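Participant:
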Amino acid sequence: MAKCDIGLIGMAVMGQNLVLNMNDRGYSVAVFNRTVSKVDDFIEGPAKGRDTIVGTHSLEEFIDALERPRRVMLLVKAGKPVDIFIDKILPLLDDGDIIIDGGNSNFHDTIRRTEYVEEQGKLYIGTGVSGGEEGARHGPSIMPGGSPEAWEHVKPILQDIAAKVDGTPCCDWVGEGGAGHFVKMVHNGIEYGDMQLIAEAYFMMKTIGMEPKEMSEVFGRWNEGVLDSYLIEITRDILAKTDEETGQPLIDVIMDAAGQKGTGKWTAITALELGQPLTLIAEAVMARFLSALKEERVKAEKILDGPAPEFSGNKEEFLDDLHYGLYASKICSYAQGYQLMRHAADEYGWNLNYGGVAMMWRGGCIIRSQFLGRIKEAFDEQPDIVNLLLYDYFKEAIDEAQPAWRRVVKRAVDLGVPAPAFSTALAYYDGYRSARLPANMIQAQRDYFGAHTYERLDKPRGKFFHTNWTGRGGDTTAGSYEA
């Protein structure tokens, strides 16, 4: 029997759909699962009648079914299970064979695993795969990184199964080590921010008395302009859905407590480690934490006072403002995400193609949108741009949106509606455009109580000074600070 082009371990929904996607595009696939009954269920179920999908019942049988260099893709739970399978597979592979981790692994783990597998004479790819089960089945966004030598052996398969935009696959080589999983992590962080912004816009609409059906119509109109995106589209559909059990809008019977799998938190932690102001994504993560305190919030509502959420004014004008505020906040979110990627590339020695990343995100993935084409244009025209806010298109969009954006944040404050993502986006924008910030006071305080030194505006950067603020201190300092 002919050997298979690729093998996949992990027969959960993502794994099954990727196998069917590969097979639809002419690739023969061997499959294995730790619980081998799932292999049989898949072969006799979704893969029934496909003789080029081969079910196997041991790792030895699985590896033996693959053409060399063997390409083994893991779709298993991130963390220890990936390491366990790597250790089980490595002794069965030959030099030059390739392991591909397609799960949501932490990029630090991918850096470590790439080095470990390469030391054993094999090649490793850590790739982000975005788009959920629908994307896996019909074309996801794929973000591979790891051993550069492996790319030529997996490129045809990954690009064939990826989503296409104007004929271009939403998959390309990202970089060495953990670069692929890092870019996927940032994608997920931006996804957190987009979802929180949309949720806040929905909640403000609800607060001014709009019903879900009317909101759905608004999001439908928004999806025809600059906000055109998958998340706006599904928000339109969610708001139009009726609960079969109660007859109410389904959104109104869903508990207001959001879950998460950790990639947004990883993005915020990485920003803290690299000293980058990823404020909107961090607020989106914190908003989910706050939402989980449902029982506490129910009690607090009976105790804590705030303004009555009474709306006065022209609703259509407010909705126009909300549209502009949402777009401006979204621009800031992506600007922060790209800032983080730029600094991570410096830290880890990656040569990231920022415009290429935007193209990979244009189709198949959760944050796919018209907007990403503008990011590609920005990096095509100005490859060294340090912040997307400085690119003409985004600067002009912010200039146009700014009055409305500020009115929305003010209105949220007046109504007592929590809008942390809208608010922090505006605060970030105001901070980034300010040549002077109050950090001089913070540094003076640090020097006062801890002799941490400060720099002076009238001296070159990198020269540090200390003041004996009380007359009782000495000249000893605690060393310079990180800025």
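Per the numbering used here, the sequence shown starts with residue 913, numbered consecutively. C-beta atoms are modelled at their ideal positions from N, C-alpha and C, and glycine is treated no differently. Only a predicted model underlies this, so the values are computations on that prediction, with no experimental measurement involved.
Per DSSP, which one or two residues make a beta bridge with ASP1013?
Facilitator: According to DSSP, ASP1013 bridges with LEU986, GLY1038.
Participant: Rounded to the nearest angstrom, what separates GLU1228 and GLU1126 at their Cα positions?
Facilitator: Those two C-alpha atoms are separated by around 12 Å.
Participant: Based on the DSSP output, what are the partners of GLY1057 in its beta bridges?
Facilitator: Answer is GLY1038, GLY1087.
Participant: Less than 9 Å between the beta carbons of SER1053 and CYS916, yes or no?
Facilitator: Cβ atoms of SER1053 and CYS916: not closer than 9 Å.
Participant: List the DSSP bridge partners of VAL1077.
Facilitator: Answer by DSSP bridge pairing, in chain order: THR1080.
Participant: CB-CB under 8 Å to ASN1299, same chain, minus the five flanking residues each way: which ones, in chain order?
Facilitator: Once the five neighbours on either side are set aside, the close Cβ partners of ASN1299 are ALA1247, TYR1250, GLN1251, TYR1344.
Participant: Can you tell me whether DSSP reads VAL1329 as helix, strand or coil?
Facilitator: VAL1329: coil per DSSP, three-state reduction.
Participant: Measuring CA to CA, which of LYS1371, ARG1373, HIS1364 is closest to ASN1380?
Facilitator: The residue with the shortest Cα to Cα distance from ASN1380 is HIS1364.
Participant: Identify whether GLY922 lies in helix, strand or coil by the three-state DSSP scheme.
Facilitator: Coil, per DSSP.
Participant: Rounded to whole angstroms, how far is the Cβ of GLY1087 from the Cβ of LEU1264, which I believe are closer than 8 Å?
Facilitator: Right, their Cβ atoms sit about 6 Å apart.
Participant: Quick check on TYR1303: does DSSP put it in helix, strand or coil?
Facilitator: DSSP places TYR1303 in coil when its eight states are reduced to three.
Participant: Compare the Cα-Cα distances from VAL1095 to each of LEU920, LEU930, ASN929, MET1253 and report the closest residue.
Facilitator: When only C-alpha atoms are compared, the closest one is MET1253.
Participant: Quick check on the burial criterion: 16 or more other C-beta atoms within 10 angstroms. Buried or exposed for VAL925?
Facilitator: Label assigned to VAL925: exposed.
Participant: CB VAL1066 to CB ILE1012, shorter than 9 Å?
Facilitator: Yes, Cβ-Cβ distance for VAL1066 and ILE1012 is below 9 Å.
Participant: With DSSP as the reference, please indicate the residues paired to ALA1220 in a beta bridge.
Facilitator: DSSP, once it has assigned bridges, lists no residue as partnering ALA1220.
Participant: For SER1281, which beta-bridge partners are listed by DSSP?
Facilitator: The partner list for SER1281 (beta bridge, DSSP) reads SER1141.
Participant: Grouping DSSP H, G and I as helix and E and B as strand, with all else coil, what is VAL966?
Facilitator: Residue state, collapsed to three classes: strand.
Participant: How about ILE1310 and TYR1341: are their beta carbons less than 9 Å apart?
Facilitator: Taking 9 Å as the Cβ cut-off, ILE1310 and TYR1341 qualify as a contacting pair.
Participant: What residues are listed by DSSP as bridge partners for PRO1161?
Facilitator: DSSP, once it has assigned bridges, lists THR1154 as partnering PRO1161.
Participant: Contact check, ILE921 vs PHE944 under 8 Å by CB: the rounded distance?
Facilitator: Going by Cβ atoms, the distance from ILE921 to PHE944 rounds to 5 Å, so yes, they are a contact pair.
Participant: Using beta carbons (cut-off 9 Å, strictly below), is GLY1087 in contact with chain B?
Facilitator: In the structure shown, chain B does not exist; there is a single protein chain.
Participant: For VAL941, which beta-bridge partners are listed by DSSP?
Facilitator: Looking at the DSSP assignment, VAL941 forms a beta bridge with ILE918, ILE965.
Participant: Note the first and the last residue of the continuous alpha helix (DSSP H) segment covering MET1198.
Facilitator: Unbroken alpha helix (DSSP H) run through MET1198: 1191 to 1203.
Participant: Measuring alpha carbon to alpha carbon, tell me which of LEU1143, PHE1334, GLY1171 ends up nearest LEU1205.
Facilitator: LEU1205 has its Cα closest to that of GLY1171, out of LEU1143, PHE1334, GLY1171.
Participant: Following the continuous alpha helix (DSSP H) through VAL1029, name the residue where it begins and the one where it ends.
Facilitator: It spans 1019 to 1031 - the alpha helix (DSSP H) in which VAL1029 sits, taken as one unbroken run.
Participant: In or out: GLY1090 buried (at least 16 other Cβ within 10 Å) or exposed?
Facilitator: Under this definition GLY1090 is a buried residue.
Participant: Using 10 angstroms around the beta-carbon of ILE1200, count the other beta-carbons present and answer buried if the total reaches 16, otherwise exposed.
Facilitator: Correcting the residue identity first, residue 1200 is Arg in this sequence and not Ile. So ARG1200 counts as buried.
Participant: Which residue marks the beginning of the alpha helix (DSSP H) containing ARG1133, and which one marks its end?
Facilitator: ARG1133 -> alpha helix (DSSP H) spans 1124 to 1134.
Participant: What's the gap between the Cα of LYS1307 and the Cα of LEU1284?
Facilitator: Each residue's alpha carbon lies about 15 Å from the other.
Participant: In whole angstroms, what is the alpha-carbon distance linking VAL1165 and ASP1296?
Facilitator: Whole-angstrom Cα-Cα distance: 48 Å.
Participant: Just to confirm the assignment, what range does the alpha helix (DSSP H) spanning ILE975 have?
Facilitator: Taken as a continuous stretch (DSSP letters only), the alpha helix (DSSP H) holding ILE975 covers 971 to 976.
Participant: Rounded to the nearest angstrom, what separates SER1402 and GLU1031 at their Cα positions?
Facilitator: Residue coverage of the chain in this structure runs from 913 to 1395, which leaves residue 1402 outside it and unanswerable.
Participant: Would you mind working out which of ILE1150, ALA1240, PHE1115, ASP1168 sits nearest PRO1161, comparing C-alpha positions?
Facilitator: The option with the nearest alpha carbon to PRO1161 is ILE1150.
Participant: Do you know offhand how far LEU978's Cα is from TRP1317's?
Facilitator: Between LEU978 and TRP1317, the C-alpha separation is close to 56 Å.
Participant: For the putative contact between GLU1195 and ALA1333, defined by C-beta atoms under 8 Å, what is the C-beta separation to the nearest angstrom?
Facilitator: Yes, they are in contact, since the Cβ atoms of GLU1195 and ALA1333 sit about 5 Å apart, within 8 Å.
Participant: Which class does PHE1377 belong to by DSSP, given the choice of helix, strand or coil?
Facilitator: Of the three classes helix, strand and coil, the one that applies to PHE1377 here is strand, per DSSP.
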